[in-house]
Amino acid sequence: MTGGRRSEHLLTVSFTALLAGQVISILGDRLNNIAMIELIAVETGRFHQSGSAFELSKLALAMTLPSLVLGPLVGAFVDRVSRKRVLIISDLARGLAVLAIPLLRPALPMWTVYGMVALLYFANLFFLPARCAVVSEIVERGNLLRANSLLSLGATVATIAGFGLGGILVTHTGWRVAFVIDAITYFLSAASLAMLAPRAPAESASCVHGRPYIGAIREAVAQLRHLAGARTGVLIPPLLTAAGTVAYVLGVALIESGTPRGTMRVGFIISFAGAGMALGCYLTGRLFRGISRQRVAFGAAAVAVLALVGVAITRRFMVMGLAATVAGLAAGPVLVTSETAIQEEAAPRRQATVFAVRDMLMKLGSALAALAAPAVGAVLGLGPAMGLLLCLLLIPLGLIAWRSRRRPADAG
Numbered sequence: 225m226t227g228g229r230r231s232e233h234l235l236t237v238s239f240t241a242l243l244a245g246q247v248i249s250i251l252g253d254r255l256n257n258i259a260m261i262e263l264i265a266v267e268t269g270r271f272h273q274s275g276s277a278f279e280l281s282k283l284a285l286a287m288t289l290p291s292l293v294l295g296p297l298v299g300a301f302v303d304r305v306s307r308k309r310v311l312i313i314s315d316l317a318r319g320l321a322v323l324a325i326p327l328l329r330p331a332l333p334m335w336t337v338y339g340m341v342a343l344l345y346f347a348n349l350f351f352l353p354a355r356c357a358v359v360s361e362i363v364e365r366g367n368l369l370r371a372n373s374l375l376s377l378g379a380t381v382a383t384i385a386g387f388g389l390g391g392i393l394v395t396h397t398g399w400r401v402a403f404v405i406d407a408i409t410y411f412l413s414a415a416s417l418a419m420l421a422p423r424a425p426a427e428s429a430s431c432v433h434g435r436p437y438i439g440a441i442r443e444a445v446a447q448l449r450h451l452a453g454a455r456t457g458v459l460i461p462p463l464l465t466a467a468g469t470v471a472y473v474l475g476v477a478l479i480e481s482g483t484p485r486g487t488m489r490v491g492f493i494i495s496f497a498g499a500g501m502a503l504g505c506y507l508t509g510r511l512f513r514g515i516s517r518q519r520v521a522f523g524a525a526a527v528a529v530l531a532l533v534g535v536a537i538t539r540r541f542m543v544m545g546l547a548a549t550v551a552g553l554a555a556g557p558v559l560v561t562s563e564t565a566i567q568e569e570a571a572p573r574r575q576a577t578v579f580a581v582r583d584m585l586m587k588l589g590s591a592l593a594a595l596a597a598p599a600v601g602a603v604l605g606l607g608p609a610m611g612l613l614l615c616l617l618l619i620p621l622g623l624i625a626w627r628s629r630r631r632p633a634d635a636g
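Just add 224 to wherever you are in the sequence shown, counting from 1, and you've got our numbering.
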């Protein structure tokens, strides 16, 4: 086998290992999400107790606080070490954190569960920028859009299976089993990621070791001022995440309190959104190669938010499912094009930091939405509050799109 063919084979194995590890861990992670909803539903009398929606807000805040406090600093750290090693250690830590939930809950109060969730998302804080940045180390630049399309497709297929099976599983066996299965998937993911063989980036790690962490963050942010596509990739996903949090906090409570077997229906509706996202990710890799990354991201994000409004204004299960499917179909191109734009434009040894900045903004958007949603819901009602907050999110999206038109758009 020649050196070139051997290199190509190693990169293929690496990408397959990354894809498999991601699919396995996300499958279990979605089981975890449904298990948390079921656990909170049990604790709040199926969301009929006063202030039940605030329990979902506490969960969302536990997911977001680690990134808000440490996100960019963690990204700067990941840029200085082996991303493969970060991925494996993060998966092992996430497995242990999830396994602790069913072990601790019988003897300790509910806040300890939120503490374990915070530890889980602290480990996520290392995993996510490393996963995004390592793609450019195992995939050639010209194949990044297709690679991200396949990764997002695999993630959404795992989401469909995880939420769909999770709703059935927790309904019939309870939430503890789902947590145990989730822990096992993280350990399996770590084993898969051990097969990664990333090539060394063009810029040596020694170029960044001597720089202070804060300086590294400033350099990454300064890059975004001159990279229009990467800037779009950082700013649009947080708005989409905020919309998803509004739909999660208010939509779950709306379905659980208004329909029998609410947890199962929540699982299926989220699976509909996942099916749409899978198709959207697939089509992005096929159809949007020569189209501006910015135009795709802005247009698709607006469609996704408007589709989620449809979930808020109807009580019919099938209409909710259709609206969720359209929202997912539009969200897929946003995720794929925004991630590709960052990988194409940001310097290799700053990519993890840029992704960490993006993730911090996503968590900030989620935290603000999690705080606002139950407060507005208590005043207006769950459905009207969800529709109003989603429509308000179109305002900053429009402002970002308007400002971007004043700069040259970057073709993909």
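Glycine residues also receive a C-beta, built at the ideal position from the N, C-alpha and C atoms.
So, VAL581 versus PRO296, is the Cβ gap smaller than 8 Å?
Taking 8 Å as the Cβ cut-off, VAL581 and PRO296 qualify as a contacting pair.
Candidates ALA525, MET586, SER516, of which the one nearest GLU568 by Cα
Of the listed residues, the one whose Cα sits closest to GLU568 is SER516.
Determine the closest residue to VAL529 out of LEU507, LEU463, ALA317, LEU316, with distance taken between C-alpha atoms.
That would be LEU463, whose Cα lies nearest to the Cα of VAL529.
Are three or more beta carbon pairs between the region 373-384 and the region 320-337 nearer than 8 Å?
Flag = no, the region 373-384 and the region 320-337 do not touch.
So ALA497 packs on VAL394, CB below 8 Å; how close in whole Å?
Wrong, their Cβ atoms sit about 18 Å apart, outside the cutoff.
Please name the residue in VAL473, ALA415, ILE312, VAL305 whose C-alpha comes closest to that of SER281.
Per the Cα distances, VAL473.
Using only CA atoms, which one of ARG574, TRP399, VAL476, LEU352 lies nearest to ARG309?
The shortest C-alpha to C-alpha distance from ARG309 to any of ARG574, TRP399, VAL476, LEU352 is the one to LEU352.
Does the beta-carbon distance from ILE460 to ALA525 come in below 8 Å?
Pairing ILE460 with ALA525 gives a Cβ-Cβ distance under 8 Å.
Pairwise C-alpha distance: THR236 and GLY534
Looking at the two C-alpha atoms, the distance is approximately 41 Å.
Would you say GLY611 and THR465 are within 8 Å of each other, going by their C-beta atoms?
No. Outside cutoff.
Cβ-based burial, LEU553 [other Cβ within 10 Å; buried from 16]
Buried, by the Cβ-count rule.
What does the alpha-carbon distance come out to for the pair VAL558 and PHE522?
Cα-Cα distance, rounded: 8 Å.
Which value, in whole angstroms, describes the spacing of the CA atoms of SER373 and ILE250?
Each residue's alpha carbon lies about 16 Å from the other.
Rounded to a whole number of angstroms, what is the C-alpha to C-alpha distance between LEU289 and MET488?
So the alpha carbons of these two residues sit roughly 29 Å apart.
For the region 586-610, list the alpha helix (DSSP H) runs that are entirely contained and at least 4 residues long, ordered along the chain.
The qualifying runs do not exist here; there are none.
Quick one: does the C-beta of GLY457 sit closer than 7 Å to a heavy atom of the ligand COA?
The ligand COA is absent from the structure shown, which contains no ligand whatsoever.
Are the beta-carbon atoms of MET419 and ALA551 separated by less than 8 Å?
Going by beta carbons, MET419 and ALA551 fall outside the 8 Å limit.
Return helix, strand or coil for GLU364, following the three-state DSSP convention.
DSSP places GLU364 in coil when its eight states are reduced to three.
Which two residues bound the contiguous alpha helix (DSSP H) that contains LEU311?
First-last of the alpha helix (DSSP H) with LEU311: 307-328.
Counting only the same chain and skipping the five closest in sequence on each side, list residues whose C-beta sits under 6 Å from that of TYR410.
Cβ contact annotation for TYR410 (same chain, cutoff 6 Å, sequence separation greater than five): SER249, ASP315, ARG318, GLY319, in chain order.
Within the 8 Å Cβ cut-off, does ARG400 reach chain C?
As a matter of chain content, chain C is missing from the structure shown, which is built from one protein chain.
Please confirm whether LEU412 and LEU606 have their CB atoms less than 8 Å apart.
Result no, Cβ atoms of LEU412 and LEU606 do not sit closer than 8 Å.
Along the chain, where does the alpha helix (DSSP H) that runs through SER416 open and close?
DSSP places SER416 in the uninterrupted alpha helix (DSSP H) bounded by 399-417.
Residues near VAL247 by beta carbon distance below 6 Å, same chain, minus five either side
Short of 6 Å from the beta carbon of VAL247, and not among the five residues preceding or following it, lie these beta carbons of its own chain, in chain order: GLY378, ALA382.
Report back the beta-carbon spacing between GLU364 and ARG574 to the nearest angstrom; my notes put them in contact at under 8 Å.
Under the criterion of beta carbons closer than 8 Å, GLU364 and ARG574 do not qualify as touching, at roughly 20 Å.
When DSSP labels each residue in this structure, what does SER238 get in the three-state scheme?
Residue state for SER238 is assigned as helix, using DSSP reduced to three classes.
Once DSSP output is grouped into helix, strand and coil, what is the label at THR508?
Looking at THR508 - three-state DSSP - the assignment turns out to be helix.
Over what stretch of residues does the alpha helix (DSSP H) that includes VAL473 continue unbroken?
From DSSP, VAL473 is part of no alpha helix (DSSP H); its letter is neither H nor E.
Residue interval of the alpha helix (DSSP H) (run including SER562)
First-last of the alpha helix (DSSP H) with SER562: 541-569.
Buried versus exposed call for MET542 [16 or more other C-beta atoms within 10 Å across all chains shown]
Flag for MET542 reads exposed.
Where does LEU623 sit, in a helix, a strand or coil, going by DSSP?
Helix.
Count the other CB atoms within 10 Å of the CB of THR564; is the residue buried (16 or more) or exposed (fewer)?
Looking at its Cβ environment, which holds 16 or more other Cβ atoms inside 10 Å, THR564 is buried.
N-terminal and C-terminal residue of the alpha helix (DSSP H) that ALA528 is part of
Note, ALA528: alpha helix (DSSP H), 517-536.
Assign THR508 to buried or exposed, taking buried as 16 or more other Cβ atoms, counted over all protein chains shown, within 10 Å of its Cβ.
It counts as buried.
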